[in-house]
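> Just add 1327 to wherever you are in the sequence shown, counting from 1, and you've got the numbering used here. In this text, a Cβ means the ideal position worked out from N, Cα and C, and glycines have one as well.
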Amino acid sequence: GANGRLGRALTRLYAPRHRVTGWTRQQLDLTATSSIPTLLGDAQFDLLINAAGLTSVDQCETDTEIARLTNLTAPQLMAEACAQRGARFIHVSTDYVFAGDGRTPLTEADTPAPLNEYGRTKLAGEQAVLAACPSALVARVSWLFGPDKKSFPDTVIEDALLKPVVLAVNDKWSCPTYADDLAKWIETLFVHHPSTSGVIHLCNSGYASWQEYGQRALEIAEELGLPLVAKKVTGHSMHGFERFKAIRPPFTALSTSRFTSITGISPRHWEDAIREHLVQQFGPPD
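1. Between TYR1445, PHE1425, ILE1589 and GLU1444, which lies nearest to THR1438 when the distance is taken from Cα to Cα?
2. Please classify GLN1538 as buried or exposed, where buried requires at least 16 other C-beta atoms within 10 Å of its C-beta.
3. Just tell me which of HIS1563, CYS1502, ARG1543 and THR1397 has its CA closest to the CA of SER1582.
4. On the CB-based measure, 16 or more other CB atoms within 10 Å of its CB, does GLN1542 come out buried or exposed?
5. Going by other Cβ atoms of all chains shown within 10 Å of its Cβ, with 16 needed for buried, is ASP1373 buried or exposed?
6. Between which residues of its own chain and GLY1331 is the CB-CB distance below 8 Å, once the five residues before and five after are set aside?
7. Assign THR1351 to buried or exposed, taking buried as 16 or more other Cβ atoms, counted over all protein chains shown, within 10 Å of its Cβ.
8. For PRO1594 and ASN1398, what's the separation of their Cα atoms in angstroms?
9. Just how far apart, CA to CA, sit ALA1506 and SER1361?
10. Can you name the start and end residues of the beta strand (DSSP E) that ARG1467 belongs to?
11. Return helix, strand or coil for PHE1479, following the three-state DSSP convention.
12. Kindly indicate the opening and closing residues of the beta strand (DSSP E) around THR1421.
13. What are the partner residues of HIS1563, as DSSP defines its beta bridges?
14. Quick one: what's got a C-beta closer than 6 Å to GLY1562's C-beta in the same chain, skipping five residues either side?
15. Using three-state DSSP, classify HIS1528 as helix, strand or coil.
16. Can you have a look at VAL1556 and say buried or exposed, based on whether 16 or more other CB atoms are within 10 angstroms of its CB?
17. In terms of alpha-carbon separation, which member of SER1462, ALA1370 and THR1590 lies closest to VAL1347?
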């Protein structure tokens, strides 16, 4: 996952302080599972972070074998390799392991019940990782955005600069998460709390619908002086949305209380993080 949004953030932020090797899909194809033990066996490392996965929810629904290899088999092989050499393993998972039928932020103690193949393969991957390497850390994250790869707020602003109407789902809620913040939280855990294991939720505080998330991005973009054509995000239901092949869980906001109890760090609100992201992108207001 070195070329993904999180992988790029990890490499960029860790390289000044750690010896970092990043493998892209071309160098380590997670569907070619027979190559994983050999590659890891030949590499020198004491910490392995798996930031890769098949994250397209709808593709997982149709390409089930690729989803299983990428989200389950490959992480299990990584966990086995780390257990054999006594290396630390951190595996990135998702809020989609939950059914999302409540209205209270979910803790690590809440029972997963995935609604789609993406969530099912990611949950199976979590379980396989922890069975193979009980000292592993499984970090569930949600709605990642950041400077290294275009994400939802960037797309909304791009559309709003050109189109009079911008649409976003208004009946699905979760926690937007800034990739740079996530990278720093992960580093805090492996540097200062290296014995932390099991499942942990990592995201910015607060939650929003896609519409609210996009609307806040447009408001900040307008403050920064961008010549927006559309200044409002129009909401629509995810039900009956033609592009969706897979069922989505409605409410998957994550509680980060375990992370705070371990580290003393309370993640900042997602609105503060998105403001930083957009100011870095477009410059401060005049």
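Let me lay it out:
1. Your numbering for residue 1438 matches position 111 in the sequence shown. If we check each option's Cα against that of THR1438, PHE1425 comes out closest.
2. The sequence position of residue 1538 within the sequence shown is 211, counting from 1. Burial check for GLN1538: the Cβ neighbour count within 10 Å reaches 16 or more, so the residue is buried.
3. Reading the sequence shown from its first residue, position 255 is the one you call residue 1582. That would be CYS1502, whose Cα lies nearest to the Cα of SER1582.
4. Taking the first residue of the sequence shown as 1, we reach residue 1542 at position 215. In the assembly as shown, GLN1542 is a buried residue. Its beta-carbon has 16 or more other beta-carbons within 10 Å.
5. Locating residue 1373 in the sequence shown gives position 46, counting from the first residue. Answer is exposed; the Cβ neighbour count stays below 16.
6. Within the sequence shown, the letter at position 4 stands for residue 1331. Closer than 8 Å at the Cβ level, and outside the excluded window around GLY1331, lie ALA1378, ALA1379 and LYS1476.
7. Locating residue 1351 in the sequence shown gives position 24, where the first residue counts as 1. Under this definition THR1351 is an exposed residue.
8. One-based indexing of the sequence shown puts residue 1594 at position 267. One-based indexing of the sequence shown puts residue 1398 at position 71. Near 27 Å, if we compare the C-alpha coordinates of ASN1398 and PRO1594.
9. Sequence index remark: in the sequence shown, residue 1506 carries index 179 (1-based). Sequence index remark: in the sequence shown, residue 1361 carries index 34 (1-based). Rounded to the nearest angstrom, the two C-alpha atoms are 30 Å apart.
10. Against the sequence shown, residue 1467 aligns to sequence position 140. For ARG1467, the uninterrupted beta strand (DSSP E) segment begins and ends at 1464-1468.
11. To locate residue 1479, count along the sequence shown from 1; it is residue 152. Note: PHE1479 maps to helix in three-state DSSP.
12. By one-based count along the sequence shown, residue 1421 stands at place 94. For THR1421, the enclosing beta strand (DSSP E) has its first and last residue at 1415-1421.
13. Counting from one through the sequence shown, the residue named residue 1563 turns up at place 236. HIS1563 pairs with VAL1496.
14. Within the sequence shown, the letter at position 235 stands for residue 1562. Taken in chain order, the residues that qualify are ASN1497 and GLN1538.
15. For the purposes of this step, residue 1528 is identified with residue 201 of the sequence shown, where counting begins at 1. Three-state DSSP puts HIS1528 in a strand.
16. Counted from its first residue, the sequence shown places residue 1556 at position 229. With fewer than 16 other Cβ atoms within 10 Å, it is exposed.
17. Here residue 1347 is taken as the residue at index 20 of the sequence shown, counted from 1. Per the Cα distances, ALA1370.
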